[in-house]
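S.K.: The numbering of the sequence shown is my numbering, which starts it at 26 and goes up by one.
By construction, the Cβ of each residue, glycine as well, lies at the ideal position given by its N, Cα and C atoms.
My structure is below; once you've seen it, I'll send some questions.
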Amino acid sequence: MAFGSCNGGLRSAEKLARRSREGTTLPDDALHYLLVPPQAIAEALSAAFALKGPALSVNTACASGAHAIAHAAEAIAAGRADAMLAGGSDAFTETAFAGFTSLQSLSAKPAAPYSKDRDGLSLGEGAGMLVLAEESVARAAGAPVLAEVLGYGLSADGYHATAPHPEGEGAARAIRGALKAAGITPGDVGYINGHGTGTPKNDSAESNAVRAAFGEAAQKTALSSSKSMIGHLLGAAGAVEAIVTVKALVEQTAPPTANFTGTDPKCGLDAVPDTGRELAMNAALSNNFAFAGANACVAFGWPSGRRFTVPAPPAAEKVVITGGAALTPAGDGLKALWEAWRQGRRLGTDEDGLRVARAVFDPAAHIGARDRRRMDRLSQLAVASCRAALAHAGLKADEHTGVVLGTGLGPMRSIEDFLLPVLGGCPAHGSPAVFPNTVFNAAAGQVAMHVGAKGPTSTVTTGHAAGASALTVAHDLLLQHRAEAVLCPAVEDLSPGVLAAYRQLPLFGDAGYTLAEAGIALVLERESSARARGARILAEFAGHGAAGDAAGIGRWNAQGEGVERAMRAALTHAGLTPGELTGIWANAAGLTRADAPEALATGRLAAEARCPVHTPKQTLGEPVGAGAQMAALLALTAWTTPESGAAAGPVLINSSSLGGTHISLVLRPATEN
26 MAFGSCNGGL RSAEKLARRS REGTTLPDDA LHYLLVPPQA IAEALSAAFA
76 LKGPALSVNT ACASGAHAIA HAAEAIAAGR ADAMLAGGSD AFTETAFAGF
126 TSLQSLSAKP AAPYSKDRDG LSLGEGAGML VLAEESVARA AGAPVLAEVL
176 GYGLSADGYH ATAPHPEGEG AARAIRGALK AAGITPGDVG YINGHGTGTP
226 KNDSAESNAV RAAFGEAAQK TALSSSKSMI GHLLGAAGAV EAIVTVKALV
276 EQTAPPTANF TGTDPKCGLD AVPDTGRELA MNAALSNNFA FAGANACVAF
326 GWPSGRRFTV PAPPAAEKVV ITGGAALTPA GDGLKALWEA WRQGRRLGTD
376 EDGLRVARAV FDPAAHIGAR DRRRMDRLSQ LAVASCRAAL AHAGLKADEH
426 TGVVLGTGLG PMRSIEDFLL PVLGGCPAHG SPAVFPNTVF NAAAGQVAMH
476 VGAKGPTSTV TTGHAAGASA LTVAHDLLLQ HRAEAVLCPA VEDLSPGVLA
526 AYRQLPLFGD AGYTLAEAGI ALVLERESSA RARGARILAE FAGHGAAGDA
576 AGIGRWNAQG EGVERAMRAA LTHAGLTPGE LTGIWANAAG LTRADAPEAL
626 ATGRLAAEAR CPVHTPKQTL GEPVGAGAQM AALLALTAWT TPESGAAAGP
676 VLINSSSLGG THISLVLRPA TEN
C-alpha cells in the first residue's frame, strides 16, 4: 500500500480543535486523534483489503499521489511486492482553503490553465487509486492490463517554499528522468497530462520545463490540464490525473483543457482547448509539481500499441553510510547521544502527566538569522542536522544528491499556528507567512534550498516508522542510480497540540514511556560514488524488509507476526541468516501493547541469532519517526568504541508504527575503507 496525501486526516484535527475551542468535546473525541496522521489512512486501507505487505504514506503536497505511484512501482520492481494499491486522497479542509486564500492563489471563476487571462486555481477534493502489479502476476490473475508504468522521475527545485523555478529547471529534470527511466524519447510521447493549476507562475514554469526537456518536440505534443474540470485535488491530484492519463491511452484520446480563453505566449504549447481530441499515442506522461519544489513525472505506455524496451536495471552495488548527525534531548551531536546511551541516562521530564524529552538545539549555532527567518522548528532541525551530516561525510550536495525525509508528526506546530486564528475568526485570518510551512514536505524543501540537494526528493510519513521508511526509499533510489547520494533526515517537533493528543490517548499513560524530539540525519551513497571521492565508509546498508499487520488503525498483531516477517525479509535481502547477527536494536519504547508483540518476534529470531537485544528508546525516549536513524548511529558508534563490548558485525534495526506497519533494516561494518 502506497498512499499519498497533502493533508491526511487534518479535517479530523480541525473538528477536534473547534470542539475544544467551543467547549463541546465528546467522550470519545480522543480516539479521533488516531485518524489525523496520514499513515492511519494507509493502515486503514491495508486492513480493509487485507494487504500485509509494505505500507507507506507519502506527503509531498500536490505531488503526493504521483510519488506514491513511483514508490509502489519501485517496490514491485525490486521484488518486495507482487502488487501494490497506490494512489491518494484529500478532503476539503478549512486550512487549505484559508491557506490558498492567504496566498491569493484562488480564482473567483473556474480555473483556466495555460490561458492568457488565467488568475488562479479551483480548489477541490477527491481520491484516486490504481492497482499496480508485476506484469506476470497481473496476467496470471486474469486482470486487465490497461497501461504500463514505464518509469518515473523525481527532483527538487531547491528554489522557493511555494513558487516554482520560473524556467522550470527542476521540473525539467524530473521529466528527463522519467524519459530516461522509461527508455523513451520526447518524440515517443503523444500526450502529457499537465500539472496545469491555472496560476500564472505555475503554468508558465511548467511550459518552460516541457520545452527544456522536449526541445522541438514540445510544440508537437498535446499538454492539457484535468484540473480545469475537476479542480486541484492536492495530494490526490497525482493519482487521479494518472488515471486520466491511463484512460487517455486506452481511449486514444487527449482530454481537453476546459475554460480556455486563448493562448498565453508564456505557455504557448498545445493545450487541447475545450474539446477532447482523438490522438494516436503509445506513451504519455503525467506531471505533478508541488510546494517546496517537489517534482514528479510518471511515464505510462499503452500495451496494445508499440511496446517499449525499458532499460535493464543497473548493475548491483552496495549502498553505504558515509555521514550522520544528531540533534536530540541528549545534546547537540553524536557524542552527546552516545554518552547518554552508554551511561543509561533517562532523558526527559514530566509535562502535565506525559514524560517529554525536548531536543537540546540552538538554531543560531547552525543556521543564519536570515535563512531561519521563515523556517519553523521542524525545518530548522532538518536543515541543521543535514548540514552537519554532510560535513561529517565530507560531501557537497548538488543535483545528484537527493533528500528523503521521514516524519511521523510533520509540521503540526505550523498547522496549529495557522489554523487556530482561522477557527477563531475567518479564512482571512490565515497567515501567508505560516501557510507554506504547513505542508509535510516543507522541511525537505528547505533542506534542498539551503544545502543545494536538488536530486530526487520525497517525504514519507509512516508514523513512528517514518525514518526507517525514508531510509528504505533512499536505498532503492540509489540502487536504481537515480542519485549518487541521498540525505535521510528524520525530524520531530512536539507542539502543544501534539502533546495534548498523546496525553488524551490511554495508550500513552505508561510510566515507562518518554516522547522525544529529534533531528537526526544520515548520508547514504552508492558505494562506487563514495569510493570515487575517497569518502570514509561508516557502514553498509545491506538490506531492508517491510510488513504490515493489516489489523486496523492503532492495532497490532498480538503475536508479532508482522514484525517477524519484516525482520526475516530484511535478512533475506541482506543475504544473511539470523545466526550471523551480532545485535538487534529493538523498537521497544515502553508501550506494552507494542513492545509485547515485538518481544515475542525478536525472541523467536534471537533464539536463532543468540545475540543481544538493545532497547535505546526506553532511556533516550521515543523520537517518534526518528528511531531508526538514532539506532543506526548508536550501532555504528558501538562498532568503533572498544569499551562498548559490541562485536563489529551485522545488526538488525526495527521500527514500527502504532498501526502495525513494521520495517527492519540490516547494517553491517564496511568491508574495507
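To the nearest angstrom, how far is it from the Cα of A315 to the Cα of T482?
M.R.: Within the sequence shown, numbered from 1, the residue matching residue 315 stands at position 290. Within the sequence shown, numbered from 1, the residue matching residue 482 stands at position 457. If you take the alpha carbons of A315 and T482, they lie about 11 Å apart.
S.K.: Taking 6 Å as the limit between beta carbons, can you name the residues of its chain near G433, skipping five residues before and five after?
M.R.: Taking the sequence shown and counting its residues from 1, one reaches residue 433 at position 408. For G433, where only same-chain residues beyond five positions count, the Cβ hits under 6 Å are G488, H489, A491, V649, G650.
S.K.: Run the CB neighbour count on E342, radius 10 Å, all protein chains shown included, and call it buried at 16 or more, exposed below.
M.R.: As a first step, residue 342 must be located in the sequence shown, where it is residue number 317. E342 comes out exposed.
S.K.: Just list the beta strand (DSSP E) runs in the stretch 465-550, keeping only unbroken ones of 3 residues or longer that don't cross its boundaries, in chain order.
M.R.: 482-485, 510-517, 539-541
S.K.: If you follow the beta strand (DSSP E) that D115 is in, where does it begin and where does it stop?
M.R.: On the sequence shown, position 90 is the one that residue 115 refers to. Here the beta strand (DSSP E) through D115 covers 108-115.
S.K.: Taking 9 Å as the threshold (C-beta atoms), are D357 and F386 in contact?
M.R.: For the purposes of this step, residue 386 is taken as residue 361 along the sequence shown, with counting starting at 1. For the purposes of this step, residue 357 is taken as residue 332 along the sequence shown, with counting starting at 1. Yes; because the gap between Cβ atoms is below 9 Å, this pair is in contact.
S.K.: With a threshold of 8 Å, are at least 3 pairs of Cβ atoms found where one atom belongs to the stretch 284-291 and the other to the stretch 138-151?
M.R.: A contact is defined here as three or more CB-CB pairs under 8 Å, and the stretch 284-291 meets this definition with respect to the stretch 138-151.
S.K.: Can you find the residues in the same chain that come closer than 8 Å, C-beta to C-beta, to T118, ignoring five residues on each side of it along the sequence?
M.R.: The count along the sequence shown starts at 1 and reaches residue 118 at position 93. So the list reads N32, L35, R36, E39, once near-sequence residues are dropped.
S.K.: Rounded to whole angstroms, what is the Cα-Cα separation between G212 and A97?
M.R.: To locate residue 212, count along the sequence shown from 1; it is residue 187. To locate residue 97, count along the sequence shown from 1; it is residue 72. Straight-line Cα distance between these residues: approximately 27 Å.
S.K.: Secondary structure at L258, three-state DSSP: helix, strand or coil?
M.R.: Taking the sequence shown and counting its residues from 1, the one referred to as residue 258 is at position 233. In this structure, L258 counts as coil in the three-state DSSP scheme.
S.K.: Would DSSP call C31 helix, strand or coil?
M.R.: By one-based count along the sequence shown, residue 31 stands at place 6. Coil at C31, not helix or strand.
S.K.: Please report the straight-line C-alpha distance between T224 and A206, rounded to a whole angstrom.
M.R.: By 1-based counting over the sequence shown, the position of residue 224 is 199. By 1-based counting over the sequence shown, the position of residue 206 is 181. The straight-line gap from Cα to Cα measures roughly 30 Å.
S.K.: With a threshold of 16 other CB atoms inside 10 Å of the CB of Q129, please say whether the residue is buried or exposed.
M.R.: Stepping through the sequence shown from its first residue, residue 129 is reached at position 104. It is exposed - the Cβ of Q129 has fewer than 16 other Cβ atoms within 10 Å.
S.K.: Is V335 a contact residue of the ligand NAD, with contact defined as CB to any heavy atom under 8 Å?
M.R.: In the structure shown, the ligand NAD is absent, as is every other ligand, since no ligand is present at all.
S.K.: Tell me whether A238 sits in a helix, a strand or coil according to DSSP, three-state version.
M.R.: In the sequence shown, the residue the question calls residue 238 occupies position 213. Helix, per DSSP.
S.K.: Given A72, which residues of its chain have a CB within under 7 Å of its CB, disregarding the five upstream and five downstream residues?
M.R.: Residue 72 sits at position 47 when you count from the first residue of the sequence shown. Answer for A72: A575, A576, G577, listed in chain order.
S.K.: Rounded to whole angstroms, how far is the Cβ of V676 from the Cβ of I609, which I believe are closer than 8 Å?
M.R.: By 1-based counting over the sequence shown, the position of residue 676 is 651. By 1-based counting over the sequence shown, the position of residue 609 is 584. Confirmed, about 7 Å.
S.K.: With C-beta atoms as the reference, is A351 less than 9 Å away from Q654?
M.R.: Walking along the sequence shown from the start, residue 351 turns up at place 326. Walking along the sequence shown from the start, residue 654 turns up at place 629. Yes, the Cβ-Cβ distance between A351 and Q654 is below 9 Å.
S.K.: Who pairs with S180 in a beta bridge, going by DSSP?
M.R.: The count along the sequence shown starts at 1 and reaches residue 180 at position 155. For S180, which the question treats as bridged, DSSP gives the partners N320.
S.K.: In the DSSP output, which residue or residues are listed as bridge partners for G568?
M.R.: Translated into the one-based positions of the sequence shown, residue 568 becomes position 543. Its beta-bridge partners are V691.
S.K.: What does a CB cutoff of less than 6 Å around M26 pick up in its chain, not counting 5 residues either side in sequence?
M.R.: By 1-based counting over the sequence shown, the position of residue 26 is 1. Within the same chain, M26 has close Cβ partners A67, L70, S71, L76, A80, L110.
S.K.: With V345 as the anchor, note down where its beta strand (DSSP E) starts and where it stops.
M.R.: Residue 345 sits at position 320 when you count from the first residue of the sequence shown. That run of the beta strand (DSSP E) goes 344-353.
S.K.: Return the chain-ordered list of same chain residues with a C-beta closer than 7 Å to the C-beta of L258, the five sequence neighbours on each side being excluded.
M.R.: If you number the sequence shown from 1, residue 258 lands on position 233. Around L258: D115, G149, E150, G151, V265.
S.K.: Buried or exposed for R507, please, with buried defined as at least 16 other CB atoms from any protein chain shown within 10 angstroms of its CB.
M.R.: Your numbering for residue 507 matches position 482 in the sequence shown. Burial call: buried.
S.K.: Do G183 and A478 have their C-beta atoms within less than 9 Å of each other?
M.R.: Translated into positions along the sequence shown, residue 183 becomes position 158. Translated into positions along the sequence shown, residue 478 becomes position 453. Yes. Within cutoff.
S.K.: I'd like to know if the stretch 496-505 and the stretch 558-573 are in contact, where contact means that at least 3 CB-CB pairs between them fall below 8 Å.
M.R.: yes
S.K.: Excluding the five sequence neighbours on either side, which residues of its own chain have a C-beta within less than 6 Å of the C-beta of H454, listed in chain order?
M.R.: Against the sequence shown, residue 454 aligns to sequence position 429. P446, V447, listed in sequence order.
S.K.: Nearest-angstrom Cα distance between A422 and G195?
M.R.: By one-based count along the sequence shown, residue 422 stands at place 397. By one-based count along the sequence shown, residue 195 stands at place 170. In a straight line, the C-alpha of A422 is about 15 Å away from that of G195.
S.K.: Would you list, in sequence order, the uninterrupted beta strand (DSSP E) runs of no fewer than 3 residues that lie entirely inside the stretch 67-101?
M.R.: 81-83
S.K.: Using the three-state DSSP reduction, which class does Y216 fall into: helix, strand or coil?
M.R.: Residue 216 sits at position 191 when you count from the first residue of the sequence shown. In the structure shown, Y216 sits in a strand (DSSP, three-state: E or B).
S.K.: Where does M400 sit, in a helix, a strand or coil, going by DSSP?
M.R.: Position 375 of the sequence shown, counted from the start, is the residue given in the question as residue 400. If DSSP states are grouped into helix, strand and coil, M400 belongs with coil.
S.K.: Identify whether H417 lies in helix, strand or coil by the three-state DSSP scheme.
M.R.: By 1-based counting over the sequence shown, the position of residue 417 is 392. The answer is helix: DSSP assigns H417 an H, G or I state.
S.K.: Are there 16 or more other CB atoms within 10 angstroms of the CB of R561, so buried, or fewer, so exposed?
M.R.: Here residue 561 is taken as the residue at index 536 of the sequence shown, counted from 1. Answer is exposed; the Cβ neighbour count stays below 16.
S.K.: Can you name the start and end residues of the alpha helix (DSSP H) that D54 belongs to?
M.R.: For the purposes of this step, residue 54 is taken as residue 29 along the sequence shown, with counting starting at 1. Counting along the chain, the alpha helix (DSSP H) containing D54 begins and ends at 54-57.
S.K.: Reducing DSSP to helix, strand and coil, say where S375 ends up.
M.R.: Translated into positions along the sequence shown, residue 375 becomes position 350. First, the residue type needs correcting, since residue 375 is Asp and not Ser in the sequence shown. Three-state result, D375: strand.
S.K.: Using the rule of at least 16 other Cβ atoms within 10 Å of the residue's Cβ for burial, across every protein chain shown, is K252 buried or exposed?
M.R.: Looking up residue 252 in the sequence shown gives position 227. Buried.
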